[in-house]
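If you read the sequence shown in the UniProt record's numbering, its first letter stands for residue 1, the second for the next number, and so on. Using N, Cα and C, we set each Cβ at its ideal position, and we do this for glycine too. As the structure is a computational prediction, the values presented were derived from the model and not from experiment. Quick notes on the structure that follows.
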Amino acid sequence: MDYVTLGKTNITVCKNGFGALPIQRVSFDAAKALLLRAYDGGIRFFDTARFYTDSEEKIGYALGDKRCDIYIATKTAAQDYNDFWKDLHTSLSNLKTDYIDIYQFHNPSFCPKPGDGTGLYEAMLEARGKGMIRFIGITNHRLAVAGEAIDSGLYDTLQFPFSYLATDKDVSIVNKCGDAGMGFIAMKGLSGGLITNSAAAYAFTAQYDNVLPIWGVQRMNELEEFLSYNDAPPSMTDEIKSVIEKDRELLSGDFCRGCGYCMPCPAGIEINNCARMSLLIRRSPSELQLTPEVQAKMKKIEDCLHCGACKAKCPYGLDTPRLLEDNYRDYVEILNGKDI
């Protein structure tokens, strides 16, 4: 089994973390079955967020009596001191615990620091002083904010997208964290579902001894794949290298990662799925993307207001209106060529 220690924290766990965003889409009992199986299979790190509707509650429901044996990371998107405390107390109640191992600022547009006028970092320090949190973390999709957080020396961990579609700049962020003794938690290891070879995804992140990937799963068969890697970790074979090279050729560049920070759309377009539909339809069973429901979602692209709000909010700087148009055109062509 591969292990990783998160920077200068004393948190050492197997290189399989549980990303709990997807469990908000399943029932409490289905989530409990997944979480308990993850625990029984050796996973000890569970990441969630106040923003993930009932995800925290489901972790508390399933793992409340395992608290001493697991590490919990959650997040706040609070913009000020008072909302910070409201979120923290809600998270503690939901998770059935009196402390959070890693409390993270959730994708802020800036790097919170003491004296910045928001009171956010001061609240973190106060919460840590009271024993309500153990370590201070930050999550982000922006290279500039991530770099500033590392350079600040204020944070114990950084959570950032990292997969085998990563750029040299992303790899540099990982290495900077290692040099700074800062834990690196890798989200989007499957690039929002575009990476379909979990063994290749695991083998890539396993090359970096300071990286803890958190896999977002909502189905038992998906979980079992990752649990099997605890006993037999995939290595970077020639076959896996070939998979990665082909995917990089197809997917690298300007594509939507599905993070959803462009939402909501004033025209009601489900941007985070529609703007990458041409890739999804080729990398998952096509019938899943050709249902009447999905067709209706794609048709909403015709209602685009071209207001630019999505483009302005995209942390990757994508021209999302253009991506929507391109994906809709491609989708219609595929649809017209299908016998459905």
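Pairwise C-beta distances place the segment 46-59 out of contact with the segment 222-242, as fewer than three of them are shorter than 8 Å. Its Cα nearest to that of residue 138, the residue 186 stands out among 132, 191, 96, 186.
For residue 129, the enclosing alpha helix (DSSP H) starts and ends at 120-129. At the C-beta level, residue 272 and residue 259 come within 8 Å of one another. When secondary structure is reduced to three states using DSSP, residue 47 falls in the strand class. For residue 183, the enclosing beta strand (DSSP E) starts and ends at 183-187. Per DSSP, residue 26 is not a residue of any beta strand (DSSP E), being assigned neither H nor E.
In the three-state scheme derived from DSSP, where H, G and I count as helix and E and B as strand, residue 337 is classed as coil. Around the beta-carbon of residue 305, fewer than 16 other beta-carbon atoms lie within 10 Å, marking it exposed. Just so you know, the alpha carbons of residue 174 and residue 88 end up roughly 28 Å apart. Of the residues 101, 111, 167, 208, the one whose Cα lies closest to the Cα of residue 131 is 101.
Boundaries for residue 237: no beta strand (DSSP E) harbours it, and the DSSP string shows neither H nor E there. In the structure shown, the three-state DSSP call for residue 264 is coil.
Distances from the CA of residue 248 to each of 154, 165, 180 were compared; the closest alpha carbon is that of 165.
Residue ranges of uninterrupted beta strand (DSSP E) with 3 or more members, entirely inside the segment 191-224 and ordered along the chain, are 211-216. Nearest C-alpha to residue 109 among 78, 61, 84, 269: 78.
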